[in-house]
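So the structure is just underneath, and the comments pick up after that.
Next up, the structure:
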């Protein structure tokens with residue numbers, strides 16, 4: 001195998017490995033971010049739906065005055 005061909009093969013492999021490393025670092029960053037925000041997801045999973053309480057136990061932003069009730073008990077509007 002010529003040196004030029006071997007160098008090209010090594011460059012391709014190097015680029016592939018750098019891409020894999022970048023994807024792995026991104027995956028790790030996303031997982032750390034999700035783990036840091038895990039409280040809301042845990043609340044949602046325990047209730048079987050969207051949690052109407054914020055992380056500190058108060059109403060979630062934009063939901064002032066909304067009762068803390070399961071979503072299935074919420075009144076439904078009928079299409080007209």
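Numbering (the UniProt record's numbering), first residue to last: 1 to 80.
For each residue, glycine too, the CB sits at the ideal point set by N, CA and C.
Continuous alpha helix (DSSP H) stretch holding residue i: start and end
i: residue 19; result: 3–36
6 angstroms Cβ shell around residue i - same chain, five flanking residues per side excluded
i: residue 24; result: none
Own chain residues within Cβ distance below 7 angstroms of residue i, not counting five before or after
i: residue 12; result: none
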